[in-house]
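Enquirer: Dumping the structure here so I can ask a few things about it.
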Amino acid sequence: MASSTVSPLLILGFLGLCGAFDIQHYTGGSLLLNNATSVPTNLVAVIESEIDGNWARSHIVLKWADEAQTQELKDAIYAALWEQLWRMKYIDNASDILNLYDELTWRADVPLEDQAKKWKLQDNIFSALWNSTQRNDTVKLLNLYNQISWRENVPSSWLLLINQTIIGRCALLLEAQLYSAKPIETYSLFNANCLSVTSPYYLRKEILQVLFDAVLVLESPSSVAKRLDNFSSSLILLTQANLELFERVMAAGKADIEAIQALQSNLRSLVEKPRFEKDVDGSLRGQVYARLSKEEQLLYTAQKICIRNVTDATVYMHECPRTLFMCNNDQRSVKAPFSVQRLLTNDSRPQFAFYSDYWKRYLFHNPNIKTPSNASATKDVYSQVTFSWWRVVYGNGGISLFDAATEKSVVCGGDPAQTDGIERQVYTRKAAEFQKYQRECTWSLEDCSFV
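The working numbering numbers the first residue of the sequence shown as 1 and each following residue consecutively.
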């Protein structure tokens with residue numbers, strides 16, 4: 001029983017004794033230098049004893065310099081620290097040494113030393129950091145990059161070496177994510193790190209180039225395009241990946257229709273994502289829109305559009321002159337432009353509403369109008385203060401407008417039989433009959449932002 005009581009006390013006493021030695025050691029060195037009016041002959045020995053190979057303790061010596069009573073003593077402490085650093089043959093704790101190097105470089109009162117020796121010391125520290133970094137450990141690579149990339153006067157050879165290593169490593173991670181059954185759960189954190197450190201556009205572009213160099217050896221561009229949604233944890237990465245592959249396909253010299261269609265489908269899905277305009281910068285968004293059809297570009301970028309039926313190059317849809325039906329009219333006047341409003345959903349099939357700034361009313365579908373039993377067209381397209389969402393389908397050199405609520409009706413124009421006096425009224429046909437009436441149910445868009 002006695003021994004079990006004494007042992008903890010002995011341990012605590014021993015620990016206290018060790019702490020006392022450490023404090024006394026620091027206090028002794030500090031008192032020695034604080035009381036000195038000239039440089040002690042054993043200054044170097046005192047500093048060596050204080051640091052004792054642990055460069056994390058160099059802040060203690062820097063504190064002595066701050067408390068030195070004379071400039072001569074302060075300069076001597078700094079000189080001794082530089083000398084200690086320059087005499088090292090092996091650098092085992094490079095991060096601590098780099099911190100001291102930085103502190104001595106940044107302090108305004110540190111005497112200037114031989115710059116060539118400084119650069120050589122910095123290069124030795126970088127070499128030690130590089131040699132201690134595992135190339136297959138992405139986090140350690142990125143930490144090293146963060147330690148070095150922001151610094152001034154870093155030799156370009158070091159930045160190039162680190163950048164190329166990170167590019168290769170991140171490309172391998174992206175390749176694994178591209179083929180993963182659970183890409184977001186497995187790789188999103190790793191690639192978030194890659195994206196954060198490769199934020200410059202050109203560097204991320206290089207990673208994607210290395211990735212596609214590897215995967216396109218084994219798969220066709222259209223097959224790879226169908227896998228790109230595995231990058232959906234980052235809209236920026238997803239956008240750049242599609243654009244980079246699109247650029248490759250177009251530069252190949254021969255039209256790969258299947259790949260282009262797959263990539264355009266990806267881009268359409270991309271622009272419909274609710275956070276696309278917020279997360280992806282304007283220059284990248286512009287590149288995406290430029291790779292879509294003219295009608296798609298206008299729906300996303302024009303302030304106002306005019307809607308023209310492809311059966312006649314001179315008629316435009318707007319409110320009828322005598323009724324609240326919509327008509328095909330002979331001129332593109334101030335009555336024709338519509339502002340476009342988009343419904344933000346996760347549905348890849350886009351929905352839009354069209355508002356006339358002139359009439360102050362919307363393009364509206366009235367689902368309660370019944371189709372006469374002896375007709376295949378229904379006059380149920382109006383100009384109203386309430387709005388309808390329209391499902392936009394691209395193709396046939398233009399767009400088609402299906403009512404989004406049921407998708408059973410498609411807007412058409414150009415049938416002379418639907419004329420009532422001077423009004424060439426717009427109408428709908430059954431969506432099931434779209435192929436039969438494809439031309440009159442296709443509309444071309446024009447930029448009317450300044451009409």
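Ideal placement from N, C-alpha and C gives every residue a C-beta, glycine not left out. Remember, it's a predicted structure, so these values are computed and weren't measured experimentally.
Going by C-alpha distance, which of A353, C327 and T345 is nearest F338?
Expert: Residue numbering aside, residue 338 sits at position 338 when the sequence shown is read from its first letter. Comparing Cα positions, the closest option is A353.
Enquirer: Let me check one thing: in DSSP terms, what residues is L445 bridge-paired to?
Expert: By one-based count along the sequence shown, residue 445 stands at place 445. Paired residues: I307.
Enquirer: Looking only at DSSP bridge pairs, what is A45 linked to?
Expert: Residue 45 sits at position 45 when you count from the first residue of the sequence shown. A45 is not bridged to any residue.
Enquirer: Less than 6 Å between C-beta atoms, sequence neighbours within five positions excluded: which residues of the same chain meet that for E206?
Expert: For this step, residue 206 is matched to residue 206 along the sequence shown. If we look at E206 and ignore the five residues flanking it on each side, its Cβ neighbours are I167.
Enquirer: Whose C-beta lies closer than 8 Å to the C-beta of R291 among residues of the same chain, with five residues either side of it excluded?
Expert: Here residue 291 corresponds to residue number 291 of the sequence shown, with the count starting at 1. Taken in chain order, the residues that qualify are L243, F246, L263, Q264 and L267.
Enquirer: Measuring straight from C-alpha to C-alpha, what distance separates V340 and P221?
Expert: Position 340 of the sequence shown, counted from the first residue, corresponds to residue 340. Position 221 of the sequence shown, counted from the first residue, corresponds to residue 221. Cα to Cα, V340 sits roughly 34 Å from P221.
Enquirer: By DSSP, does S356 sit in helix, in strand, or in coil?
Expert: The count along the sequence shown starts at 1 and reaches residue 356 at position 356. Taken through DSSP and simplified to helix, strand or coil, S356 comes out as strand.
Enquirer: Check whether chain D comes within 9 Å of V217, counting only Cβ atoms and requiring the distance to be less than that.
Expert: No chain D is present in this structure, which holds just one protein chain.
Enquirer: For S269, count neighbouring Cβ atoms within 10 angstroms of its own Cβ and tell me buried if that reaches 16, exposed if not.
Expert: By 1-based counting over the sequence shown, the position of residue 269 is 269. Result: buried.
Enquirer: From the DSSP output, which residues share a beta bridge with K430?
Expert: Start at 1 with the first residue of the sequence shown, and residue 430 comes out as number 430. Bridge partners of K430: S409.
Enquirer: Give the range of the beta strand (DSSP E) segment to which I399 is assigned.
Expert: To locate residue 399, count along the sequence shown from 1; it is residue 399. Its beta strand (DSSP E) spans residues G398 to D403.
Enquirer: When every heavy atom of the ligand NAP is checked, does at least one fall within less than 8 Å of the C-beta of D213?
Expert: In terms of ligand content, the structure shown is empty, and the ligand NAP therefore cannot be addressed.
Enquirer: Which residue from D330, T371, Y394 and F402 puts its Cα closest to that of F364?
Expert: Working through the sequence shown from its first residue, we reach residue 364 at position 364. Residue F402 is the option with its Cα nearest to F364.
Enquirer: At what residue ranges does the segment 214-278 contain a whole run of the alpha helix (DSSP H), taking only runs of 4 or more?
Expert: 221-225, 235-251 and 257-271
Enquirer: Exposed or buried, what is T27 when buried is set at 16 or more other beta-carbons lying within 10 Å of its beta-carbon?
Expert: For the purposes of this step, residue 27 is identified with residue 27 of the sequence shown, where counting begins at 1. In this predicted model, T27 has a pLDDT of only 44, less than 50, meaning its place in the structure is not dependable; the value taken from the coordinates is given anyway. Exposed.
Enquirer: Skipping 5 residues on each side, what residues in its chain have a beta carbon closer than 7 Å to that of S449?
Expert: For the purposes of this step, residue 449 is taken as residue 449 along the sequence shown, with counting starting at 1. Closer than 7 Å at the Cβ level, and outside the excluded window around S449, lie A302, Q303 and K304.
Enquirer: Is the beta carbon of N309 sitting closer than 9 Å to the one on T442?
Expert: Sequence index remark: in the sequence shown, residue 309 carries index 309 (1-based). Sequence index remark: in the sequence shown, residue 442 carries index 442 (1-based). The answer is yes: Cβ separation under 9 Å.
Enquirer: Tell me which same chain residues have a C-beta within less than 6 Å of the C-beta of W501, skipping the five on either side of it?
Expert: Residue 501 is absent from the structure shown; the chain starts at 1 and stops at 451.
Enquirer: Can you tell me where the beta strand (DSSP E) with V393 in it begins and where it stops?
Expert: Stepping through the sequence shown from its first residue, residue 393 is reached at position 393. Its beta strand (DSSP E) spans residues W390 to G395.
Enquirer: How many angstroms separate the CA atom of A241 from the CA atom of Y145?
Expert: Here residue 241 corresponds to residue number 241 of the sequence shown, with the count starting at 1. Here residue 145 corresponds to residue number 145 of the sequence shown, with the count starting at 1. Computed Cα separation, rounded: 23 Å.
Enquirer: State yes or no: is the C-beta of D357 within less than 9 Å of the C-beta of Y427?
Expert: Position 357 of the sequence shown, counted from the start, is the residue given in the question as residue 357. Position 427 of the sequence shown, counted from the start, is the residue given in the question as residue 427. The answer is no: Cβ separation not under 9 Å.
Enquirer: Please state the DSSP three-state secondary structure of A377.
Expert: Residue mapping note: residue 377 aligns to position 377 of the sequence shown, counting from 1. If DSSP states are grouped into helix, strand and coil, A377 belongs with the strands.
Enquirer: On a CA-only basis, which of R87, R227 and T239 is nearest R204? Give me that one, please.
Expert: For this step, residue 204 is matched to residue 204 along the sequence shown. Selected option, being the one with the closest Cα: T239.
Enquirer: Determine the burial state of A171: buried for a count of at least 16 other Cβ atoms within 10 Å of its Cβ, exposed for fewer.
Expert: Taking the first residue of the sequence shown as position 1, residue 171 is located at position 171. Under a 10 Å Cβ-count criterion, A171 is classified as buried, with 16 or more other Cβ atoms of the shown protein chains found around its own Cβ.
Enquirer: Give me the Cα-Cα distance between I184 and L211, rounded to the nearest whole angstrom.
Expert: What you label residue 184 is simply residue 184 of the sequence shown in a count that begins at 1. What you label residue 211 is simply residue 211 of the sequence shown in a count that begins at 1. About 18 Å.
Enquirer: Give the secondary structure of L73 by DSSP, where H, G and I count as helix, E and B as strand, and everything else as coil.
Expert: If you number the sequence shown from 1, residue 73 lands on position 73. For L73, the secondary structure class from DSSP, reduced to helix, strand or coil, is helix.
Enquirer: Would you mind sorting A432 into buried or exposed? The rule is 16 or more other CB atoms within 10 Å of its CB.
Expert: Taking the first residue of the sequence shown as 1, we reach residue 432 at position 432. A432 is exposed by the Cβ-count criterion.
Enquirer: Using only the alpha-carbon positions, how far apart do D109 and N131 sit?
Expert: Within the sequence shown, the letter at position 109 stands for residue 109. Within the sequence shown, the letter at position 131 stands for residue 131. Using only the alpha carbons, I get a separation of about 33 Å.
Enquirer: Tell me whether H25 sits in a helix, a strand or coil according to DSSP, three-state version.
Expert: Here residue 25 corresponds to residue number 25 of the sequence shown, with the count starting at 1. Because H25 carries a pLDDT of 39, less than 50, the predicted location of this residue cannot be relied on, and the following value inherits that uncertainty. In this structure, H25 counts as helix in the three-state DSSP scheme.
Enquirer: Out of Y289, P321 and M326, state which residue places its alpha-carbon closest to the alpha-carbon of I307.
Expert: As a first step, residue 307 must be located in the sequence shown, where it is residue number 307. It is M326.
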